[in-house]
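Trainee: Counted from 1, the sequence shown has number 77 at position 78 by numbering that gives the first Met the number 0; the numbering is strictly sequential. Quick reminder that beta carbons are idealized off the backbone N, C-alpha and C, glycines included. One structure is given below, represented as structure tokens, and several questions about it will come after.
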Amino acid sequence: MNLHEYQGKEILASYGVSTQKGIVVSNADDAFAAAKKLNKETGTEVYVIKAQIHAGGRGKGGGVKIAKSLDEVKEIAEKMIGMMLITPQTPPEGKKVRKILIAEDVYYPGESETKEFYISILLDRKNCKNIIMYSTEGGMDIEKVAETTPELIFKETVNPTIGLQKFQARQIAFNLGLKGEAFKDMTKFIFSLYRAYVKSDSSLFEINPLLKTSDDKIIVVDSKVTIDNNALFRHPDYSDLRDLTEENPVEVEADKAGLNYIDLDGNVGCMVNGAGLAMATMDLIKQAGGSPSNFLDVGGTADAERVEKGFRIILKDPSVKAILINIFGGIVRCDRVANGIVEAYKNIKNINVPIIVRLQGTNSDIAKEIIDNSNLNVLSAIDFKEAADKVQEVIN
Ligand code: GDP
Ligand code: MN
0 MNLHEYQGKE ILASYGVSTQ KGIVVSNADD AFAAAKKLNK ETGTEVYVIK
50 AQIHAGGRGK GGGVKIAKSL DEVKEIAEKM IGMMLITPQT PPEGKKVRKI
100 LIAEDVYYPG ESETKEFYIS ILLDRKNCKN IIMYSTEGGM DIEKVAETTP
150 ELIFKETVNP TIGLQKFQAR QIAFNLGLKG EAFKDMTKFI FSLYRAYVKS
200 DSSLFEINPL LKTSDDKIIV VDSKVTIDNN ALFRHPDYSD LRDLTEENPV
250 EVEADKAGLN YIDLDGNVGC MVNGAGLAMA TMDLIKQAGG SPSNFLDVGG
300 TADAERVEKG FRIILKDPSV KAILINIFGG IVRCDRVANG IVEAYKNIKN
350 INVPIIVRLQ GTNSDIAKEI IDNSNLNVLS AIDFKEAADK VQEVIN
């Protein structure tokens, strides 16, 4: 589950990570009031207004603005709320801004220079360990740094048995070129950030920029947080953080129906029971010259209702040219699934793409008979190869 910047910052702050203060709002009057409140609490007279969308690069796209008065905050908020914000990471038409974060300016002048760093924590799946990635070259051009000067990005691997070690936090602060108070604050910061990552069951923290202020404080200015969905049951309070408007509407609908569905770009819809078989089916479609328009695992109980729901979801994609149903009847009997398919087909009146059904397992022969005698635009196949050939046939 991806979070908005403001939500990520709230989680970080709840674990004691030092974070730029801000208040999220969804209209200009509240923006004005929020800035006033920040002024009272922090003394700041400069404010940052930040569009809250699930995409980075907002600074480059006009989604981060500075205001020097309360009236200016209101003015900018009026323009920003409701706009379609286009950044290098959004779809071409942009993303609608529904909420904005009003934050205190932390780039105030002072004794020393401000400095933007980059730091992220993520799971290195290959090595089964968390890694901390960091760089002195934080800010808006980190992608360019990764491309042209990757040697400026450092990595620290954390051993899961013993956890983050003090020498590692010091190594990071040292490589970031810090001294004195800022060095000390950074080592403390690294520990609090790592602890927050583990405790919140996140799979990604990306803090860019992480700022050293002009009075040598280390503070989070931007956050990208991804919580591991498989651990959400341990954090019931995080479930409200999900923003359905940022997700694919068809995937949201499938999720509500208990179907594991992922939207893809291709032209062959597939409905399969079991994730492994679903992946093999996608390979099969590719090999037959097509490309899957979705991943759909209907689960162990492929009854008529689920099959129908699956059909309806697959058919929402106008690029679907054929549907391949590949069900293994182990727990569920193939004849029941076949009846379910025929019933669903009749219930949904506008199916005008060919359907290839491969049912294997208990009562598969009876199932084939049911499909063949249904007089519907449904082709049945018994084995994998036959199904592949039929997919190829209808695609061509
Ligand atoms: P992103 O572009 O979507 O990653 O958004 P960020 O939150 O990283 O903001 C982009 C840029 O805005 C940062 O790199 C900063 O240069 C600038 N910025 C963010 N917060 C402040 C602030 O409090 N004061 C000033 N002056 N600039 C800020
Ligand atoms: Mn950023």
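Just list the residues that DSSP pairs residue 119 with in beta bridges.
Mentor: 132 and 205
Trainee: By DSSP, does residue 29 sit in helix, in strand, or in coil?
Mentor: helix
Trainee: How long is the line joining the alpha carbons of residue 131 and residue 149, rounded to whole angstroms?
Mentor: 15 Å
Trainee: Per DSSP, residue 66 is paired with what?
Mentor: Beta-bridge partners assigned by DSSP to residue 66: 46.
Trainee: Considering only heavy atoms of ligand 2, does any lie closer than 7 Å to the CB of residue 208?
Mentor: Yes, the beta carbon of residue 208 sits closer than 7 Å to at least one heavy atom of ligand 2.
Trainee: Is it the case that the CB of residue 75 approaches a heavy atom of ligand 1 more closely than 7 Å?
Mentor: No - ligand 1 has no heavy atom lying nearer than 7 Å to the Cβ of residue 75.
Trainee: Under the criterion of a Cβ to heavy atom distance below 7 Å, does residue 221 qualify as lining ligand 2?
Mentor: yes
Trainee: State the CB to CB distance for the pair residue 320 and residue 267, rounded to an integer number of angstroms; the pair is presumed to be in contact (CB under 8 Å).
Mentor: Contact holds; Cβ gap of about 7 Å.
Trainee: Residue 340 to residue 364, Cα distance in whole Å?
Mentor: 15 Å
Trainee: With a threshold of 6 Å on Cβ separation, who are the neighbours of residue 64 within its own chain once the five nearest residues in sequence on each side are excluded?
Mentor: 48 and 75
Trainee: Could you tell me if the beta carbon of residue 106 falls within a distance shorter than 7 Å of some heavy atom in ligand 1?
Mentor: Relative to ligand 1, residue 106 has its C-beta within less than 7 Å of a heavy atom.
Trainee: Going by DSSP, which residues form a beta bridge with residue 167?
Mentor: Looking at the DSSP assignment, residue 167 forms no beta bridge with any residue, so it has no partner.
Trainee: By the DSSP assignment, the alpha helix (DSSP H) with residue 196 in it spans what residues?
Mentor: 179-198
Trainee: Give the single residue among 338, 187 and 245 whose Cα lies nearest to the Cα of residue 90.
Mentor: 245
Trainee: Using 7 Å as the cut-off, classify the Cβ of residue 20 as near or not near the heavy atoms of ligand 1, replying yes or no.
Mentor: no
Trainee: What does the alpha-carbon distance come out to for the pair residue 194 and residue 349?
Mentor: 53 Å
Trainee: Nearest CA to the CA of residue 272: which residue from 126, 281 and 166?
Mentor: 281
Trainee: How is residue 127 classed by DSSP in three states: helix, strand or coil?
Mentor: coil
Trainee: When DSSP builds the beta bridges, which residues end up paired with residue 269?
Mentor: 323
Trainee: Can you find a heavy atom of ligand 2 that lies under 7 Å from the Cβ of residue 7?
Mentor: no
Trainee: CB of residue 289 to nearest heavy atom of ligand 2: below 7 Å?
Mentor: no
Trainee: State the Cα-Cα distance for the pair residue 9 and residue 279, rounded to the nearest angstrom.
Mentor: 41 Å
Trainee: If we ignore side chains and look at the alpha-carbon of each, how far apart do residue 60 and residue 19 end up?
Mentor: 21 Å
Trainee: Whole angstroms is fine: what's the gap from residue 214's alpha carbon to residue 185's?
Mentor: 13 Å
Trainee: With residue 443 as the anchor, note down where its alpha helix (DSSP H) starts and where it stops.
Mentor: Coverage of the chain is limited to positions 0 through 395, which leaves residue 443 absent and any answer about it impossible.
Trainee: Would you say the beta carbon of residue 47 is closer than 7 Å to some non-hydrogen atom of ligand 1?
Mentor: Distance from the C-beta of residue 47 to the nearest heavy atom of ligand 1 is below 7 Å.
Trainee: Could you check if residue 60 belongs to the surroundings of ligand 2, using beta carbon to heavy atom distance under 7 Å?
Mentor: No - ligand 2 has no heavy atom lying nearer than 7 Å to the Cβ of residue 60.
Trainee: Counting C-beta neighbours from all protein chains within 10 Å, is the total for residue 399 16 or more, i.e. buried, or is it exposed?
Mentor: The structure shown has nothing for residue 399, since the chain only spans 0 to 395.
Trainee: For ligand 1, is there a heavy atom less than 7 Å away from the beta-carbon of residue 267?
Mentor: no
Trainee: Looking at the structure shown, is residue 387 part of a helix, part of a strand, or coil, going by DSSP?
Mentor: helix
Trainee: Helix, strand or coil for residue 95, going by three-state DSSP, please let me know.
Mentor: strand
Trainee: Between which residues of its own chain and residue 376 is the CB-CB distance below 7 Å, once the five residues before and five after are set aside?
Mentor: 353 and 354
Trainee: Sort 202, 297 and 284 by Cα distance to residue 395 and report the nearest one.
Mentor: 284
Trainee: In angstroms, rounded to a whole number, what distance separates the CA positions of residue 329 and residue 202?
Mentor: 35 Å
Trainee: Specify, as a first and last residue, the run of the alpha helix (DSSP H) that residue 11 falls within.
Mentor: 4-13
Trainee: Straight-line CA distance for residue 30 to residue 58?
Mentor: Taken atom to atom, the span from the alpha-carbon of residue 30 to that of residue 58 is near 19 Å.
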